[in-house]
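Visitor: Dumping the structure here so I can ask a few things about it.
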Amino acid sequence: MPVQEPHVTAGAASWEHYAHGADIGVRGYASCKADAFVQAALALTAVITDPAEVVARESVAIECEAPDDELLFAEWLNALVYEMATRRMLFGRFAVRLDGRRLSGEAWGEPVDAARHHPAVEVKGATYTTLRVAREGERWVAQTVVDV
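If you count by this note's numbering, then the sequence shown holds residues 1 to 148, one letter each, in order.
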């Protein structure tokens, strides 16, 4: 998959993909850490299909806990991958609330419709390769490589 230009949403929030061998990196940028997690979740969906094509019909609650920001971010993405696989859904909208090392989130989406969504690949999970959650100047970045 070619590296894409950043996808800019409201304000300074954006996401992008970056090349990494046979897999692909997902990266989210935002003015706060929680929104960087949201942007990275959109990048995760964009590995599979265009997030704008996913209708927010159903919501799924996601709860995670981890000892640090990086592991919490990986847990968040892996929870999304698990929910997409077991529910046979795609998500196109997300919300994240962070409380210390605990994440409470929500993902909205719909069942996969191959004819409409044209899924490109199946994401198997988030890895710890290039795993990073950090403040860069005025914005936060959350990134990792996902196994496809």
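Glycine residues also receive a C-beta, built at the ideal position from the N, C-alpha and C atoms.
Evaluate H17 with the Cβ neighbour count: other Cβ atoms within 10 Å of its Cβ, from every protein chain shown; 16 or more gives buried, anything less gives exposed.
Guide: buried
Visitor: Identify the continuous beta strand (DSSP E) that holds V145 and give its terminal residues.
Guide: R139 to D147
Visitor: Helix, strand or coil: which one does DSSP assign to A115?
Guide: helix
Visitor: Would you report the Cα separation of L90 and E106, rounded to the nearest angstrom?
Guide: 13 Å
Visitor: Where does A66 sit, in a helix, a strand or coil, going by DSSP?
Guide: coil
Visitor: Alpha carbon to alpha carbon, how far is T130 from V60? Give it in angstroms, no decimals.
Guide: Annotation: V60 to T130 spans about 28 Å, alpha carbon to alpha carbon.
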